[in-house]
Amino acid sequence: MLLKLLLAGSGGQGVLTIGNVLGNASMLDDYHVTFLPSYGAAMRGGTANCTLCISDEEIASPVASVPDVIVAMNQPSMVSFISRLEPGGQLLYNADLVDLVPERGDIEMFAVPANRIAREMGNERSVNMVMLGALVKMTTIIKVETITSSIEMMMGSKKKIAESSVNAVRAGYDGFPFK
Numbered sequence: 570m571l572l573k574l575l576l577a578g579s580g581g582q583g584v585l586t587i588g589n590v591l592g593n594a595s596m597l598d599d600y601h602v603t604f605l606p607s608y609g610a611a612m613r614g615g616t617a618n619c620t621l622c623i624s625d626e627e628i629a630s631p632v633a634s635v636p637d638v639i640v641a642m643n644q645p646s647m648v649s650f651i652s653r654l655e656p657g658g659q660l661l662y663n664a665d666l667v668d669l670v671p672e673r674g675d676i677e678m679f680a681v682p683a684n685r686i687a688r689e690m691g692n693e694r695s696v697n698m699v700m701l702g703a704l705v706k707m708t709t710i711i712k713v714e715t716i717t718s719s720i721e722m723m724m725g726s727k728k729k730i731a732e733s734s735v736n737a738v739r740a741g742y743d744g745f746p747f748k
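Heads up: take any position in the sequence shown, counting from 1, add 569, and you land on the numbering used here.
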């Protein structure tokens, strides 16, 4: 099994955090993982994306030029990366920030109202964790409990942020009827 993911958004949307949490959780579940971040010169508002490969065997290359899954956090990311998605692949996008979805009949598309869910939870900064929860449910490779462990491990002393992040992951996971 080899799953190639591309996570994309703007700097400040937490795309690299999604990749870090998911990569760490994958290692906790004894998978091989590569993580390749990429971001523009501007930390907030510029481009930010990362590729993540998760496998039960050694991974030859961290590059996922033709990913199986794309997570698009905003419209520019959708436009930039949808053409790279493998036929038969899955696209998960933030429906609150993506207005136009290009036509592609050879992929599955899943809209997540991530901003609305985060707002209803009382923390709009948790949009990325809502998307992570939906991604975990969609891909079914990593257990949501392992994501929780990863968040708690990575955010250690920041108990309130960790708790809020875990709650947002749960909201994204529980809120969508994938598979």
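All C-beta atoms, glycine included, are put in the ideal place defined by N, C-alpha and C.
Would you say residue i and residue j are within 7 Å of each other, going by their C-beta atoms?
i, j, result
"M642", "G691", "no"
"C619", "L576", "yes"
"P636", "I651", "no"
"M724", "V640", "no"
"A617", "V584", "yes"
"D625", "T715", "no"
Can you give me the Cβ contacts of residue i inside the same chain, cut-off strictly under 7 Å, excluding the 5 residues immediately before and after it?
i, result
"I623", "L572, S595, Y600, V602, I710"
"T586", "N697"
So, for residue i: in the same chain, excluding its five sequence neighbours on each side, which residues have a beta-carbon less than 6 Å away from its beta-carbon?
i, result
"P656", "D675"
"S646", "A577, G578"
DSSP three-state label for residue i, please.
i, result
"T709", "coil"
"N663", "strand"
"A629", "coil"
"Y608", "strand"
"V699", "helix"
"V681", "strand"
"V590", "helix"
"V640", "strand"
"I716", "helix"
"L654", "coil"
"K728", "helix"
For residue i, which residues in the same chain have their Cβ closer than 8 Å to its Cβ, ignoring the five residues on either side in sequence?
i, result
"E627", "H601"
Our contact map puts residue i next to residue j with C-beta atoms below 8 Å; I'd like the distance itself, whole angstroms only.
i, j, result
"L621", "L574", "5 Å"
Spell out a yes or no on whether the region 675 to 687 and the region 715 to 733 are touching, meaning 3 or more CB-CB pairs, one atom from each, closer than 8 Å.
-> Result no; under three Cβ-Cβ pairs closer than 8 Å.
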